[in-house]
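Colleague: First to last, the sequence lines map onto chains V and B.
In terms of our numbering, the first sequence opens at residue 1 and continues consecutively.
In terms of our numbering, the second sequence opens at residue 1 and continues consecutively.
Ideal Cβ placement from N, Cα and C applies to all residues, glycine included.
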Amino acid sequence: ILNVEQSPQSLHVQEGDSTNFTCSFPSSNFYALHWYRWETAKSPEALFVMTLNGDEKKKGRISATLNTKEGYSYLYIKGSQPEDSATYLCAFISGSARQLTFGSGTQLTVLP
Amino acid sequence: DTGVSQDPRHKITKRGQNVTFRCDPISEHNRLYWYRQTLGQGPEFLTYFQNEAQLEKSRLLSDRFSAERPKGSFSTLEIQRTEQGDSAMYLCASIGAYEQYFGPGTRLTVT
Numbered sequence: 001i002l003n004v005e006q007s008p009q010s011l012h013v014q015e016g017d018s019t020n021f022t023c024s025f026p027s028s029n030f031y032a033l034h035w036y037r038w039e040t041a042k043s044p045e046a047l048f049v050m051t052l053n054g055d056e057k058k059k060g061r062i063s064a065t066l067n068t069k070e071g072y073s074y075l076y077i078k079g080s081q082p083e084d085s086a087t088y089l090c091a092f093i094s095g096s097a098r099q100l101t102f103g104s105g106t107q108l109t110v111l112p
Numbered sequence: 001d002t003g004v005s006q007d008p009r010h011k012i013t014k015r016g017q018n019v020t021f022r023c024d025p026i027s028e029h030n031r032l033y034w035y036r037q038t039l040g041q042g043p044e045f046l047t048y049f050q051n052e053a054q055l056e057k058s059r060l061l062s063d064r065f066s067a068e069r070p071k072g073s074f075s076t077l078e079i080q081r082t083e084q085g086d087s088a089m090y091l092c093a094s095i096g097a098y099e100q101y102f103g104p105g106t107r108l109t110v111t
C-alpha cells in the first residue's frame, strides 16, 4: 500500500499572505507527482504534473517543487486571494502502477 | 469545464436499491478511471479502462460494484444492493498524455 501524506490538513490564511503545503510520498520507484485544486461543486483541476527530481513549476501565483530522492513536494501560493480557497490534492504514480494514489488533501481558506 | 461529464450530479437512494452512474470522457482519450472519495479523504482508485477493456480493479470494488465501457466511449458504474457505506463522491477521469481530467463527480447518499 502506497502512503501519500499531506500537511497541514487545513489552513486558514489572510488575503495577501503567502502559504505552502507539503506532500510526502514513497521515494522508491517514482514515476510522477500530480497536484490538483478542487473547489466545492467543481471538478478537480490539474495544476502541475512533475516528473524530474529538482523540478520547479509555476502557474501564476502558484508554484511547486519536487524532491524525489527524499520523497516530498511543496506547493506555494504567493499573495493568497479568496478565490484560492479550495482543497489542494497531491497524487503519486509509481513506476509499476497505472493509477494515482492521492493524499487526503490540504483544505485552504483565504479570509478577506 | 474539463470536458468530462458525469450524470447524475447527485443521487439519493434507499439502502438496498441499485444505482447506476454515467461518465462521458473526453472523446479522444482511450483511458478512463473511476475513483471514490469519502469525507476527509483523497480520491481512491476503483477501476481503470483502456478502450473497452477493464484492465484493473481495486480490492475496494466489491462484487456489488460493476463497471462497463461497452464501446470504448462512455462508461457506467453500477452499485447493486447499496449500503450506507457506499455514500461517497464517485469521480471519473480520462487521461491525455500525462494529465488526468476529472469530471465533477456524482455524490451518492444512501439512506
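#1: Which residues in chain V have a C-beta closer than 7 angstroms to the C-beta of Tyr48/B? List them in chain order.
#2: For Gln50/B, name the three-state secondary structure that DSSP assigns.
#3: For the stretch 63 to 80 of chain V against the stretch 29 to 42 of chain B, are there 3 or more C-beta pairs whose distance is under 8 angstroms?
#4: Would Gln41/B and Ser104/V be called neighbours here (beta carbons separated by less than 8 angstroms)?
#5: Note down, in chain order, every chain B residue with its Cβ under 8 angstroms from the Cβ of Leu89/V.
#6: Less than 6 angstroms between C-beta atoms, sequence neighbours within five positions excluded: which residues of the same chain meet that for Phe21/B?
#7: Between Ser96/V, Phe102/V, Ile93/V, which lies nearest to Thr87/V when the distance is taken from Cα to Cα?
#8: Which residue or residues does DSSP assign as beta-bridge partners of Ile95/B?
#9: Does the beta-carbon of Thr111/B have 16 or more other beta-carbons within 10 angstroms, so that it is buried, or is it exposed?
#10: Going along chain V in order, which residues have a C-beta closer than 7 angstroms to the C-beta of Gly103/B?
#11: Let me make sure I understand the geometry here. Which of Ala93/B, Arg15/B, His10/B, Ser62/B has the alpha-carbon closest to that of Ser113/B?
#12: Anyone know if the C-beta pair for Arg69/B and Ser75/B falls short of 8 angstroms?
Modeller: Straight from the coordinates:
#1: What Tyr48/B touches in chain V: Arg98, Gln99.
#2: strand
#3: no
#4: The Cβ atoms of Gln41/B and Ser104/V lie closer than 8 angstroms to each other.
#5: Gly42, Pro43
#6: Leu77, Tyr90, Thr106
#7: Phe102/V
#8: Arg31/B, Gln100/B
#9: exposed
#10: Ser43
#11: Any answer about residue 113/B is impossible in this case: the structure gives chain B only from 1 up to 111.
#12: yes
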